[in-house]
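Numbering (our numbering), first residue to last: 594 to 1052. We put the beta carbon where it would ideally sit given N, CA and C, even for glycine. See structure below.
See below:
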């Protein structure tokens, strides 16, 4: 008996790019013209897989992760035999059941019962074996009351459950799974996960393609990271997932940096060209009773309600915010984690001495809800003087936000609210967290349980 259930060696998969420049009128003309792919020019093809190699030992659970379009599903289809590699070899030892396109072989006009038999035979079972397992399949799919109805009357969830139940009860040596749990309800998902665990206990081999990184860390013995059709990393799931998450964050970091730089350039250009009107308030009010953004104590400029103001920059620039840097435990950036420190650093300049000034800060979530706001005046810090260049740090430790995207207001203004330099929603950062809680704020907390209430930490 082979030690490996799956062996993939230097697999390439090339697809033709379809366009108007080169079309075959008929199948006959395509065949007479020779190869469908090999004679095409480089810009007429797309390499979905580029020399992928890996082994899955018998009885192991192996996870494949990667971005959309990285080649994960193509790789699984090559292993399943749904498509053939352009080059390279795929060897599978044992009976395969593929949970890739659930119910792909179902006929909509006939009953669920008849489809179970047809699908089971397609997956390699005899009629006698299907009859023996039929009641268990229907019970697992939770379709006792609908099994004799035409499949075309099923909801998408019912369709998916029946396809999963048939495939899982083939009792394969190798189970291929492609993100099928994403469409089930919570109860059925738990049932599927229990079935996976049962497969593992019985020494079956599972090849899993998923975006659920927690599922890979929890269930898989090894993991493979595909990126652009190439292998980026293999081995321990936590190490591979960690490397993948870091790469994703680096990509998000670069994207946020570009978007913020463009927004600031546009806002500064608009401000230099005139921008919104600057008007000293007739009746200065404080943050406590104004309802305006804490970064400026009064409703300036129009529109009056700063919570409704669009992103932009305005002010007299008598004191200027020359730069804003967000700094976490790993240094400057736009991606942070919930438990780390965040420093909002302002580089400020004043061409002539200024003695009346307030520094303000506002934090908003992606929906525009004010998460927090403060300024030096409401925190009883009296201004003395700014002259030349200086640096102002607001230190938040720990950050304590749930996962999500946030925007920042920063400002320097007079105590009566007259704006020197106001930056509205021009700085974006993203918080990452493996804990998927909800809300905005994640306060420090612990759980305690009395005797008789038992829980274990999920691995």
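Item: Beta-carbon proximity check, residue 655 vs residue 786, cutoff 8 angstroms; Value: no
Item: Where residue 903 falls, given that 16 or more other Cβ within 10 Å makes a residue buried; Value: exposed
Item: Three-way DSSP call (helix, strand, coil) for residue 931 in this model; Value: coil
Item: Contact check, residue 938 vs residue 918, beta carbons under 8 angstroms; Value: yes
Item: Validate contact between the stretch 643-657 and the stretch 813-828 using beta carbons, cut 8 angstroms, 3 pairs; Value: yes
Item: Backbone CA spacing between residue 1050 and residue 996 [nearest angstrom]; Value: 21 angstroms
Item: Local conformation of residue 1068 per DSSP, three classes; Value: With the chain represented from 594 up to 1052, any question about residue 1068 goes unanswered, as that position is not in the structure.
Item: For residue 688 and residue 766, believed in contact at Cβ under 8 angstroms, the rounded distance; Value: 5 angstroms
Item: Unbroken beta strand (DSSP E) run spanning residue 989, endpoints; Value: 979-989
Item: Continuous alpha helix (DSSP H) stretch holding residue 863: start and end; Value: 830-865
Item: Whether residue 601 touches residue 645 by CB criterion (8 angstroms); Value: yes
Item: Supposed close pair residue 683, residue 671 - CB separation, criterion 8 angstroms; Value: 5 angstroms
Item: Alpha helix (DSSP H) runs contained entirely in the stretch 742-807, provided each spans 4 or more residues; Value: 749-761, 779-794
Item: Enclosing beta strand (DSSP E) for residue 692 [first to last residue]; Value: 689-692
Item: Cutoff 8 angstroms; reference residue 714; Cβ partners in own chain excluding five residues on either side; Value: 720, 723
Item: Beta-carbon spacing of residue 931, residue 994 below 8 angstroms; Value: yes
Item: Within 8 angstroms, strictly: CB atoms of residue 761 and residue 797; Value: no
Item: Own chain partners of residue 864 with C-beta closer than 6 angstroms, once the 5 adjacent residues on each side are dropped; Value: 906, 907
Item: 7 angstroms Cβ shell around residue 875 - same chain, five flanking residues per side excluded; Value: Here the model assigns residue 875 a pLDDT of 36, short of 50, so the residue's position is not dependable, and the following value carries that caveat. Excluding residues within five positions, none has a Cβ falling inside 7 angstroms.
Item: Simplified DSSP assignment, three categories, for residue 1043; Value: coil
Item: Alpha carbon of residue 885 to alpha carbon of residue 976, nearest angstrom; Value: Bear in mind that a pLDDT of 45 at residue 885, under 50, signals an unreliable position, so the number given afterwards is only what the model happens to contain. If you take the alpha carbons of residue 885 and residue 976, they lie about 22 angstroms apart.
Item: Collapsed DSSP secondary structure at residue 710 in the structure displayed; Value: helix
Item: Contact belief for residue 1031 with residue 999 at Cβ below 8 angstroms, rounded distance in angstroms; Value: Not quite, the Cβ-Cβ distance comes to about 15 angstroms (not below 8 angstroms), so this is no contact.
Item: Other residues of its chain near residue 882: CB distance less than 7 angstroms, five sequence neighbours each side excluded; Value: Only weak support exists for where residue 882 lies, its pLDDT of 33 falling under 50; the coordinates are left without a value.
Item: For residue 757, the nearest candidate out of 743, 745, 736 (CA to CA); Value: 736
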